[in-house]
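Residue numbers (numbering that gives the first Met the number 0), protein chains in the order written: chain L, 0 to 230; chain V, 0 to 230; chain A, 0 to 230; chain E, 0 to 230. Using N, Cα and C, we set each Cβ at its ideal position, and we do this for glycine too. Keep in mind it's a predicted model, so treat the numbers as computed, not measured.
Protein chains: 4
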Amino acid sequence: MVKNTVVPRRTPPRRWTRRPDDRPREILAAAVRVFAERGYNATRLEDIAAAAGVTKGTIYYYFKNKDALLLRLSEASDREEFARIEALLSDNVGPVSAQLRIVLRKGFAEPTDEARRQLRMVYLALHADHPKLFARAVQAALVDGWALIVKLIERGKTTGEFREDADAHVAARVFTSGLLLQQLWRSSLGLDRTDPFDRDRMVDSTIELFLHSLRPTVRLRAAGGKRRATT
Amino acid sequence: MVKNTVVPRRTPPRRWTRRPDDRPREILAAAVRVFAERGYNATRLEDIAAAAGVTKGTIYYYFKNKDALLLRLSEASDREEFARIEALLSDNVGPVSAQLRIVLRKGFAEPTDEARRQLRMVYLALHADHPKLFARAVQAALVDGWALIVKLIERGKTTGEFREDADAHVAARVFTSGLLLQQLWRSSLGLDRTDPFDRDRMVDSTIELFLHSLRPTVRLRAAGGKRRATT
Amino acid sequence: MVKNTVVPRRTPPRRWTRRPDDRPREILAAAVRVFAERGYNATRLEDIAAAAGVTKGTIYYYFKNKDALLLRLSEASDREEFARIEALLSDNVGPVSAQLRIVLRKGFAEPTDEARRQLRMVYLALHADHPKLFARAVQAALVDGWALIVKLIERGKTTGEFREDADAHVAARVFTSGLLLQQLWRSSLGLDRTDPFDRDRMVDSTIELFLHSLRPTVRLRAAGGKRRATT
Amino acid sequence: MVKNTVVPRRTPPRRWTRRPDDRPREILAAAVRVFAERGYNATRLEDIAAAAGVTKGTIYYYFKNKDALLLRLSEASDREEFARIEALLSDNVGPVSAQLRIVLRKGFAEPTDEARRQLRMVYLALHADHPKLFARAVQAALVDGWALIVKLIERGKTTGEFREDADAHVAARVFTSGLLLQQLWRSSLGLDRTDPFDRDRMVDSTIELFLHSLRPTVRLRAAGGKRRATT
DNA sequence: AATGAATGAGGGTTCATTCAT
DNA sequence: CATGAATGAACCCTCATTCAT
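This is the structure we're talking about:
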């Protein structure tokens with residue numbers, strides 16, 4: 000139900016005066032926004048249309064259907080996301096720990112833009128209804144990211160900065176996942192209401208724990224054998 | 000049209016039997032199963048009914064509506080889940096690290112039964128479409144769990160087992176979240192296909208990293224001081 | 000959805016201890032009550048069952064279905080209603096106007112009991128969904144009643160109490176219908192709220208108007224003729 | 000299976016045409032029609048859709064839900080109905096009795112169009128299931144109408160055309176209600192079958208009775224007094 | 001290129017009715 | 001007799017998708 004009073008509209012034409020070239024972009028932007036806000040399922044095409052300042056029909060002119068929007072959304076983002084993280088490290092020297100700090104912070108803790116944050120939300124919410132799509136996204140955005148981190152940790156081991164026996168693969172996965180999930184719960188859900196937490200503290204402490212967990216066990220020089228304390 | 004060649008079935012009509020005590024349970028069991036498989040939204044009441052061996056109407060005899068199923072599912076689970084974890088620690092002495100090991104493993108890494116694993120999946124998928132419900136579940140199942148872990152860590156600090164400057168709150172949150180998310184992605188999505196990983200290794204290494212990240216830093220140079228090395 | 004917590008009930012038997020003979024009556028009584036309150040359509044069998052202190056199944060033991068309840072309700076009432084009115088006049092002498100007064104008041108203005116009032120409400124609300132049933136009721140309760148009134152008016156004409164040229168049939172129908180409808184709107188709907196009106200005044204004035212409308216016209220000019228004054 | 004022998008139809012697909020200006024009207028028209036025929040409850044949206052030559056979805060494009068149809072139906076009608084009656088009297092002079100005659104006939108006895116007649120039926124049938132809606136309609140259409148009639152009667156009293164002691168308020172209510180109800184029973188129900196009655200006679204006689212009931216009582220004996228005859 | 005009217009399949013929910021106990 | 005668990009047919013409503021304009 001849309002119009003209650005059937006007004007005879009006088010001013011007829013001149014409706015879509017804007018450049019048609021940006022349309023797809025605008026629609027996609029509106030889509031993430033609304034998806035993140037309401038969730039994929041709860042979002043009606045009309046919501047997106049309204050947010051994009053067009054009508055339902057227009058969306059179908061540019062996209063095959065609702066799922067296609069999501070697909071396009073992820074494709075674009077995936078490529079960028081990883082490229083971005085890699086770029087951060089290319090010109091990089093200094094201690095490995097510093098690099099890891101950067102990767103964690105830039106890659107997993109701080110969505111550079113609102114759109115990316117929103118897209119992440121959409122993804123997490125998606126895994127039951129669109130497992131395939133979701134798996135693709137995780138693969139593209141995360142698995143490669145983990146590989147990067149692992150490489151850094153391994154390098155740290157060779158330099159003696161990190162302990163040899165740390166499980167680099169698990170570390171890469173667990174810390175990033177933990178950070179991600181906390182971020183998500185806090186930003187989207189009201190988790191911050193029932194379990195308030197400073198955002199920076201979360202990130203900083205996580206990085207601190209991460210690095211600490213990789214730190215070498217002191218080889219006691221201590222005369223009488225290894226007294227290596229351990230877990 | 001073959002119709003008439005139907006075998007005359009011996010077992011007479013008895014179209015259904017009364018099983019008022021089991022039905023609710025059965026329906027709930029069917030519900031998690033189907034929810035986890037198809038996702039909450041994609042699941043039609045009829046699917047659940049079929050899976051439970053009843054008809055749609057029967058579901059409504061025992062539950063107010065679709066959401067109520069979910070609610071009940073979580074209520075039951077929430078209470079048990081936390082109680083279970085606490086119970087694990089009640090009769091416990093020994094080093095704090097041992098207790099943490101137990102909590103992490105039993106509470107976050109190993110769903111005791113299939114139903115609980117499925118329920119977790121449902122939850123994660125739910126956070127966009129039913130934020131309220133989801134928040135409740137997180138609160139009940141997790142926030143309390145985190146408090147427990149924090150308490151253990153703090154105790155470890157007083158005994159000198161853990162370093163004073165570790166952020167107990169963040170540690171509790173990040174490690175458990177990371178473990179949870181990895182578990183979920185692997186069991187439900189096909190993440191294990193594109194990024195194979197041994198399940199036990201994931202849990203064991205996480206625990207190892209967890210404890211290591213809490214280990215006291217060696218106070219170097221401390222002439223006659225504590226000689227406990229670490230990190 | 001009925002029971003949320005499946006309690007294992009210990010006390011089993013001794014459930015229906017009351018005399019089974021009154022059941023039908025009790026159910027019918029409950030039915031009018033609820034029908035009048037909620038309307039026929041909006042009333043669920045369960046509402047009636049609850050009001051009657053039995054369960055749905057029991058209703059079906061005594062009545063074929065929902066409609067049958069209504070049918071029985073009307074049958075009983077119809078017979079009584081007319082018999083009652085006729086009885087009022089049997090032992091009656093005096094001026095016709097006095098008798099009409101009685102009929103109008105007792106037969107159309109004052110439901111003798113609450114049940115009858117309720118039944119009337121049900122009827123009026125019924126005419127669209129159960130035209131047949133409704134027609135039957137109107138026929139039984141009203142057409143005969145009108146005939147009675149007509150007879151009285153005719154008698155009044157022969158005695159000179161009423162004017163010859165009054166349309167007895169229309170008078171019988173219009174006054175009773177008007178009274179009925181007003182009564183109904185006021186008792187059931189909130190008409191009395193937006194259009195307050197004293198109940199007795201309504202009845203008394205109606206009767207007054209009724210009788211006045213039948214009063215003979217003065218034959219003017221009749222020099223030594225009848226001097227009967229007219230109201 | 001004949002399938003292939005289908006005539007190649009010339010008139011191409013054109014499955015539907017856009018008629019945004021007429022649709023709402025058509026749907027409403029179809030709605031009264033079907034409501035009056037089957038009753039509000041028994042009417043399925045699909046019936047209305049079919050009657051209007053559209054599909055269910057289209058109804059929801061223009062109206063919020065089933066109730067909204069009814070609401071709109073009444074709103075339009077209410078406003079018109081009263082305006083129409085008032086208009087009839089605006090340019091009016093002559094004896095009050097003549098004016099009353101008009102109001103009764105045009106306002107309560109003769110639905111100007113079929114739709115209005117149907118709408119009335121719907122209303123009467125509605126009072127149990129939608130008391131709120133019904134009360135609104137009665138208020139709008141009737142209470143104001145009664146006020147109008149009362150005013151006329153009072154004027155008649157001052158001119159001596161009517162007797163002083165007649166209860167104008169009750170008269171207005173009872174006669175109109177009686178006429179209305181009779182009309183309804185006869186047109187919708189089969190009352191005319193079991194209790195045949197000429198429609199015009201009903202209206203004419205009612206008006207006659209109405210006016211007669213208001214006529215002044217002759218003050219007999221008054222030598223040079225008013226000789227106005229009654230009735 | 002864009003609109004928005006129209007479609008139609010599908011799902012949640014209700015409830016009269018049945019029937020095992 | 002009575003219960004109340006179970007059924008299943010209906011019906012309202014939503015919304016992705018199509019298509020006349």
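Have a look at residue i and residue j and give me their C-alpha separation to the nearest angstrom.
| i | j | result |
| --- | --- | --- |
| E25(E) | I101(A) | 50 angstroms |
| A136(V) | A86(V) | 20 angstroms |
| D46(A) | L27(A) | 12 angstroms |
| S73(A) | L118(A) | 8 angstroms |
| A114(A) | L180(E) | 22 angstroms |
| G106(E) | L178(E) | 11 angstroms |
| R214(L) | K156(V) | 19 angstroms |
| R43(V) | S96(L) | 50 angstroms |
| A67(L) | Y39(L) | 12 angstroms |
| K225(L) | L99(V) | Residue placement at K225(L) cannot be trusted, given a pLDDT of 45 that sits under 50; what the coordinates show is reported in the next sentence. Taking the straight line from one Cα to the other gives about 25 angstroms. |
| D112(V) | L70(V) | 19 angstroms |
| Y122(E) | H168(A) | 27 angstroms |
| Y61(E) | F161(A) | 58 angstroms |
| F133(L) | V202(L) | 25 angstroms |
| I148(L) | I58(V) | 49 angstroms |
| P23(V) | R32(V) | 14 angstroms |
State yes or no: is the beta carbon of residue i nearer than 8 angstroms to at least one beta carbon in chain A?
| i | result |
| --- | --- |
| N64(E) | no |
| S204(E) | yes |
| R200(E) | yes |
In this structure, how does DSSP classify residue i when only helix, strand and coil are distinguished?
| i | result |
| --- | --- |
| H129(E) | coil |
| F196(L) | coil |
| R162(E) | coil |
| P19(E) | coil |
| Y59(V) | helix |
| R214(V) | coil |
| E234(A) | Because residue 234(A) is not part of the residues shown, which for chain A are 0 to 230, the question remains open. |
| A41(A) | coil |
| G144(E) | helix |
| E109(V) | coil |
| G177(V) | helix |
| T205(V) | helix |
| T54(V) | coil |
| V92(E) | coil |
| R115(E) | helix |
| G189(L) | coil |
| R100(E) | helix |
| R71(A) | helix |
| R154(L) | helix |
| R83(L) | helix |
| R14(E) | coil |
Cβ of residue i versus every heavy atom of the ligand ATP: is any distance shorter than 7 angstroms?
| i | result |
| --- | --- |
| K131(V) | The ligand ATP is absent from the structure shown, which contains no ligands of any kind. |
Counting contacts by CB-CB distance shorter than 8 angstroms, is residue i in contact with chain L?
| i | result |
| --- | --- |
| Q117(V) | no |
| F174(V) | yes |
| D191(V) | no |
| G52(V) | no |
Counting contacts by CB-CB distance shorter than 8 angstroms, is residue i in contact with chain E?
| i | result |
| --- | --- |
| G144(A) | no |
| Q181(A) | yes |
| D46(A) | no |
| S212(A) | yes |
Shorter than 8 angstroms from the beta carbon of residue i to some beta carbon of chain V?
| i | result |
| --- | --- |
| Q138(L) | yes |
| L178(L) | yes |
| A30(L) | no |
**Prompt:** Touching or not, the stretch 193-213 of chain L and the stretch 172-183 of chain L, by the rule of three or more beta carbon pairs under 8 angstroms?
**Reply:** Because the criterion of three Cβ pairs below 8 angstroms is met, the stretch 193-213 of chain L and the stretch 172-183 of chain L touch.
**Message:** Tell me whether the stretch 180-195 of chain A and the stretch 191-207 of chain E touch, counting them as touching only if at least three CB pairs, one residue from each stretch, are closer than 8 angstroms.
**Reply:** Cβ pair count under 8 angstroms is below three, so no.
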